[in-house]
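Asks: A single structure is presented below for examination.
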Amino acid sequence: MKLYLALTVASMKMYFRNKQALFWALFFPLVIMLIFGVMNFDAYNSPNVGIVDRANNPASQGLIQALSGTDDQEVLSVSTGTQEEMLDELEYGDNKAMIIIPEDFGISGQFSELQVTYDERYQQERAVIGTVLTQVTDAVFKQMAQVPDEYRVEANIGISESFIEGQGQGFQGWLIPGIAAMAIMQTGLFAVVFTLVRFKAQGVLRRLKATPIGASHFLAGQLTNKAIVVILQTYILVLVGSLVLGVSVGQGRLGAWVDLTILSLLGGALFIAIGLAISGWAKSEETAAPVANIISLPMMFLSGVFFPLSVMPDWVISFAKYLPLTYLADGMRAVTVEGAAITTLGSELLGLGIWMAISFVIATRLFKWE
Amino acid sequence: MIEATDPVLVAKNLKKRYEDINAVNGISFEVRRGEIFGMLGPNGAGKTTTVEILEGMRDADSGEAYVNGINVKENPTAVKAIIGVQLQQNAFFDNLNLAEIVELYAQLYDSSVDPIEILSRVGLADRKGAMYKQLSGGQKQRLSIAVALVNDPVVLFLDEPTTGLDPQARRSLWALIQGIQKAGSTIVLTTHYMEEAEELCDRIAIVENGEIIALDTPDALIDQLLDSGFKPNKRTREATLDDVFLNLTGHELRD
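Shown next as structure tokens:
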């Protein structure tokens with residue numbers, strides 16, 4: 000135990016004296032996060048709207064179609080689902096409004112009323128959504144009733160408005176846990192790969208094998224060091240991100256920090272195992288670096304770190320949702336933005352667990368000391 | 000019970016085969032307490048493999064090796080705990096200073112030596128705060144000897160300690176090795192520099208194709224050669240080019 004502690008302390012010293020490692024682990028993700036966070040990409044996108052289609056008839060589908068616009072020109076970014084789901088998205092997610100289409104919508108001669116609920120924090124989006132809705136319902140009614148354009152007829156589609164104060168954190172809220180998850184991946188992969196491969200190539204591990212302790216204790220110290228770094232990274236990124244970009248962590252739930260610590264450790268263990276597998280197999284840094292990049296780069300862009308998976312084509316989503324970083328980013332996002340407790344994250348934990356098991360098996364198969 | 004007169008190291012008919020070559024092909028010898036035992040031979044002769052078997056870093060295919068009475072194959076950990084090892088290719092951690100490196104290794108041997116004291120034994124006390132990569136070649140070798148001394152070893156293994164060093168650094172390292180011997184250590188040294196073997200070793204074994212082809216004191220080996228009627232094809236002089244070089248450039252270390 001004393002030895003393990005001494006080796007961990009020594010590993011910490013080595014790590015924190017390595018300016019390059021610190022740059023990639025802390026400074027780089029922090030800068031990326033602040034740059035993207037300040038740019039506020041929300042402003043350039045069409046507002047997200049959730050629709051509850053209770054009518055589910057040709058008329059309501061026509062309305063949804065009209066509100067969505069075409070692929071080339073998106074009017075509103077529309078998602079559909081149950082009232083419960085859409086309310087959840089409005090309150091905690093990225094949606095700015097929820098529209099409920101009643102059962103009687105589109106039945107000829109019947110007056111029906113669309114219920115729209117806005118997130119009152121987004122007045123600009125409210126104005127856009129309101130205007131679009133008025134114009135579209137007008138057009139849809141005219142088409143339904145076959146009224147020529149030159150006549151103005153009072154539409155029998157009404158719109159009722161209500162407001163709630165959402166808890167969603169917008170793009171910033173999206174970005175912070177995503178970047179924290181990405182940083183965990185980078186530390187697990189690159190910090191492990193580069194230190195171990197270098198130690199191996201230089202013969203440091205060989206020299207350790209000549210001691211009565213062997214190199215496995217040393218490895219344990221190194222891995223503990225990386226686990227500590229991963230947790231520190233998460234704390235710093237989430238804390239600085241939430242302060243600078245004005246995002247509340249876990250809806251103010253203090254337990255969120257505990258959950259983030261656990262998720263960081265799980266993610267850290269997973270990516271450290273992948274790092275071990277690569278450094279076990281690679282003989283030099285020249286061969287290890289491309290492999291680590293091939294694994295990390297696609298995930299950086301396919302796992303919903305910088306933008307939601309939903310903006311990507313279906314065939315990409317169909318495999319991207321199973322990537323290890325997707326599970327980690329989704330889990331950390333649920334805890335940070337939605338205030339979910341870790342115990343509710345069944346699929347994310349399962350996904351991380353399965354990937355972890357796979358990586359550890361591969362790592363133990365591939366790892367060689369020389 | 001181990002007597003002071005027992006050999007500290009015994010190798011009995013060691014054999015090791017790699018794919019299609021017999022790296023070690025039946026090597027036997029004993030090393031006495033307090034001597035510097037040299038293993039000489041061209042590259043690839045089997046010196047390093049033999050030493051690695053004795054250090055418990057590689058298993059022999061057959062044969063037995065004992066260090067201080069302990070069977071190396073059966074208990075490599077116990078052997079590693081009482082020997083000091085300097086490998087041919089040594090590297091130490093990048094971001095630790097010399098005192099921290101020595102201290103870390105002392106902890107690996109559960110030894111409580113003062114790192115500064117060990118560093119001063121090899122003449123590096125004033126560099127205790129330096130990083131490994133800032134050291135010169137000779138200083139790096141001194142550090143790896145310092146690290147090999149942390150557990151006050153029964154036998155110190157030095158694998159080509161002066162390869163790549165300039166004449167000044169080489170002589171200064173020889174003096175260090177002789178000092179360690181005087182302090183009571185047994186040393187097993189591999190080298191392919193003949194003047195090094197002649198200067199340092201009490202006895203030498205000449206290894207070729209995985210076998211020991213001669214084993215005696217350097218003087219005895221030279222006498223045997225001369226007795227066989229050997230005539231050097233070069234005039235022997237009182238001084239060597241090494242002497243000329245050191246006379247012109249001085250004995251002081253440049254590192």
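Residue numbers (numbering that gives the first Met the number 0), protein chains in the order written: chain A, 0 to 369; chain B, 0 to 254.
Beta carbons are placed, not taken as given, at the ideal position from N, Cα and C, and that holds for glycine.
So what does K11 (chain B) bridge to, in DSSP terms?
Replies: Residue 11 (chain B) sits at position 12 when you count from the first residue of the second sequence. BP columns for K11 (chain B) point to B:E63.
Asks: Using only alpha-carbon positions, find the residue among B:I212, B:E198, B:V7 that is nearest to A64 (chain B).
Replies: Position 65 of the second sequence, counted from the first residue, corresponds to residue 64 (chain B). Residue B:V7 is the option with its Cα nearest to A64 (chain B).
Asks: Determine which residues share a DSSP beta bridge with G37 (chain B) and list them.
Replies: Looking up residue 37 (chain B) in the second sequence gives position 38. Per DSSP, B:L188, B:I203.
Asks: Which residues bound the alpha helix (DSSP H) around D87 (chain A)?
Replies: On the first sequence, position 88 is the one that residue 87 (chain A) refers to. Here the alpha helix (DSSP H) through D87 (chain A) covers 82-91.
Asks: Just grab the DSSP bridge partners of Y326 (chain A) for me.
Replies: To locate residue 326 (chain A), count along the first sequence from 1; it is residue 327. Bridge partners of Y326 (chain A): none, in fact.
Asks: Inspect the CB distances between the stretch 247-259 of chain A and the stretch 326-335 of chain A and report whether three or more fall short of 8 Å.
Replies: Touching, per the Cβ criterion.
Asks: Could you tell me which residues DSSP puts in a beta bridge with M97 (chain A)?
Replies: Reading the first sequence from its first residue, position 98 is the one you call residue 97 (chain A). Beta-bridge pairing links M97 (chain A) to A:G49, A:T116.
Asks: May I have the straight-line CA-CA distance separating L2 (chain A) from A9 (chain A), to the nearest angstrom?
Replies: Within the first sequence, the letter at position 3 stands for residue 2 (chain A). Within the first sequence, the letter at position 10 stands for residue 9 (chain A). One C-alpha to the other measures close to 10 Å.
Asks: Could you tell me whether the stretch 85-95 of chain B touches the stretch 30-38 of chain B, where touching means 3 or more Cβ pairs closer than 8 Å?
Replies: Not touching, per the Cβ criterion.
Asks: Helix, strand or coil: which one does DSSP assign to D151 (chain B)?
Replies: Counted from its first residue, the second sequence places residue 151 (chain B) at position 152. Correct three-state label for D151 (chain B): coil.
Asks: Output yes if chain B places a C-beta closer than 8 Å to the C-beta of N224 (chain A); else output no.
Replies: For this step, residue 224 (chain A) is matched to residue 225 along the first sequence. Closer than 8 Å: no.
Asks: Can you tell which of A:K141, A:N224, A:A126 has its C-alpha closest to the C-alpha of P46 (chain A)?
Replies: Looking up residue 46 (chain A) in the first sequence gives position 47. That would be A:A126, whose Cα lies nearest to the Cα of P46 (chain A).
Asks: Of all the options B:G249, B:T47, B:A80, which has the alpha carbon lying nearest to the alpha carbon of N67 (chain B)?
Replies: For the purposes of this step, residue 67 (chain B) is identified with residue 68 of the second sequence, where counting begins at 1. Nearest of B:G249, B:T47, B:A80 to N67 (chain B), Cα basis: B:A80.
Asks: Do you know how far the Cα of N94 (chain A) is from the Cα of F170 (chain A)?
Replies: As a position in the first sequence, residue 170 (chain A) is number 171, starting the count at 1. As a position in the first sequence, residue 94 (chain A) is number 95, starting the count at 1. Computed Cα separation, rounded: 11 Å.
Asks: Which residues in the same chain have their Cβ closer than 6 Å to the Cβ of R16 (chain B), if we skip the five residues on either side of it in sequence?
Replies: On the second sequence, position 17 is the one that residue 16 (chain B) refers to. Result list for R16 (chain B): D60, in chain order.
Asks: What is the DSSP secondary structure of F156 (chain B), reduced to helix, strand or coil?
Replies: Looking up residue 156 (chain B) in the second sequence gives position 157. Of the three classes helix, strand and coil, the one that applies to F156 (chain B) here is strand, per DSSP.
Asks: Check each residue of the stretch 46-80 of chain B: if its Cβ is closer than 7 Å to any Cβ of chain A, include it; give the result in chain order.
Replies: Answer in chain order: E54, M56, T76, K79, A80.
Asks: Do N150 (chain B) and G83 (chain B) count as a contact pair if the criterion is CB distance below 8 Å?
Replies: By 1-based counting over the second sequence, the position of residue 83 (chain B) is 84. By 1-based counting over the second sequence, the position of residue 150 (chain B) is 151. Contact flag set, yes.
Asks: When you compare the CB of A24 (chain A) with every CB in chain B, is at least one pair closer than 8 Å?
Replies: The count along the first sequence starts at 1 and reaches residue 24 (chain A) at position 25. Not one chain B Cβ lies under 8 Å of A24 (chain A).
Asks: Using a Cβ-Cβ distance under 8 Å, would V192 (chain A) count as near chain B?
Replies: Here residue 192 (chain A) refers to the residue found at position 193 when the first sequence is read from its first residue. Taking Cβ atoms only, chain B never reaches closer than 8 Å to V192 (chain A), which makes this a no.
Asks: Is the closest heavy atom of the ligand COA to the C-beta of F300 (chain A) under 7 Å?
Replies: What this structure holds is no ligand at all, so the ligand COA is not there to describe.
Asks: Quick one: grab the DSSP three-state call for D19 (chain B).
Replies: For the purposes of this step, residue 19 (chain B) is taken as residue 20 along the second sequence, with counting starting at 1. Residue state, collapsed to three classes: coil.
Asks: Grab me the residues of T189 (chain B)'s own chain with a C-beta within less than 7 Å of its C-beta, minus the 5 sequence neighbours each way, in chain order.
Replies: Looking up residue 189 (chain B) in the second sequence gives position 190. Counting only Cβ-Cβ distances below 7 Å, and skipping sequence neighbours, we find M38, K46, T47, V50, D158, E159.
Asks: Quick one: what does DSSP say T162 (chain B) is sitting in, helix, strand or coil?
Replies: As a first step, residue 162 (chain B) is located in the second sequence; it is residue number 163 there, counting from the start. Correct three-state label for T162 (chain B): coil.
Asks: Closest to I98 (chain A) by CA distance: which of A:S78, A:E284, A:Q123, A:D258 is it?
Replies: What you label residue 98 (chain A) is simply residue 99 of the first sequence in a count that begins at 1. Answer by Cα proximity: A:S78.
Asks: Just the Cα atoms here: how many angstroms apart are A328 (chain A) and A179 (chain A)?
Replies: Locating residue 328 (chain A) in the first sequence gives position 329, where the first residue counts as 1. Locating residue 179 (chain A) in the first sequence gives position 180, where the first residue counts as 1. Taking the straight line from one Cα to the other gives about 8 Å.
Asks: Based on the DSSP output, what are the partners of D215 (chain B) in its beta bridges?
Replies: For the purposes of this step, residue 215 (chain B) is identified with residue 216 of the second sequence, where counting begins at 1. Bridge partners of D215 (chain B): B:I203.
Asks: Once the 5 residues before and after S159 (chain A) are set aside, which same chain residues still bring their CB inside 6 Å of it?
Replies: To locate residue 159 (chain A), count along the first sequence from 1; it is residue 160. E112, Q114, listed in sequence order.
Asks: Of all Cβ atoms in chain B, is any one closer than 8 Å to the Cβ of G202 (chain A)?
Replies: Reading the first sequence from its first residue, position 203 is the one you call residue 202 (chain A). So yes, G202 (chain A) belongs to the interface.
Asks: Suppose you measure from the CA of T194 (chain A) to the CA of I211 (chain B); what does that come to, to the nearest Å?
Replies: Taking the first sequence and counting its residues from 1, the one referred to as residue 194 (chain A) is at position 195. Taking the second sequence and counting its residues from 1, the one referred to as residue 211 (chain B) is at position 212. Their Cα atoms are separated by approximately 40 Å.
Asks: Assuming S143 (chain B) contacts Q85 (chain B) (C-beta within less than 8 Å), just tell me the rounded distance between them.
Replies: Position 144 of the second sequence, counting from 1, holds the residue named residue 143 (chain B). Position 86 of the second sequence, counting from 1, holds the residue named residue 85 (chain B). So it is a contact: roughly 5 Å between Cβ atoms.
Asks: Looking at C-alpha atoms only, which residue of B:Q177, B:K132, B:D226, B:S184 is the closest neighbour of L148 (chain B)?
Replies: The sequence position of residue 148 (chain B) within the second sequence is 149, counting from 1. Of the candidates B:Q177, B:K132, B:D226, B:S184, the one whose C-alpha sits nearest the C-alpha of L148 (chain B) is B:S184.
Asks: Got a sec: is the Cβ-Cβ distance from D113 (chain B) to anything in chain A below 8 Å?
Replies: Position 114 of the second sequence holds residue 113 (chain B). No - not a single Cβ of chain A is within 8 Å of the one on D113 (chain B).
Asks: Let me make sure I understand the geometry here. Which of A:L349, A:E88, A:T186 has the alpha-carbon closest to that of Y321 (chain A)?
Replies: By 1-based counting over the first sequence, the position of residue 321 (chain A) is 322. Nearest of A:L349, A:E88, A:T186 to Y321 (chain A), Cα basis: A:L349.
Asks: When the distance is taken between beta carbons, is L86 (chain A) closer than 8 Å to V48 (chain A)?
Replies: Locating residue 48 (chain A) in the first sequence gives position 49, counting from the first residue. Locating residue 86 (chain A) in the first sequence gives position 87, counting from the first residue. Taking 8 Å as the Cβ cut-off, V48 (chain A) and L86 (chain A) do not qualify as a contacting pair.
Asks: Sorted by chain position, which residues of the same chain lie with C-beta nearer than 7 Å to G177 (chain A)'s C-beta, five sequence neighbours on each side aside?
Replies: Residue 177 (chain A) sits at position 178 when you count from the first residue of the first sequence. Within the same chain, G177 (chain A) has close Cβ partners G303, V304, F305, A328, R332.
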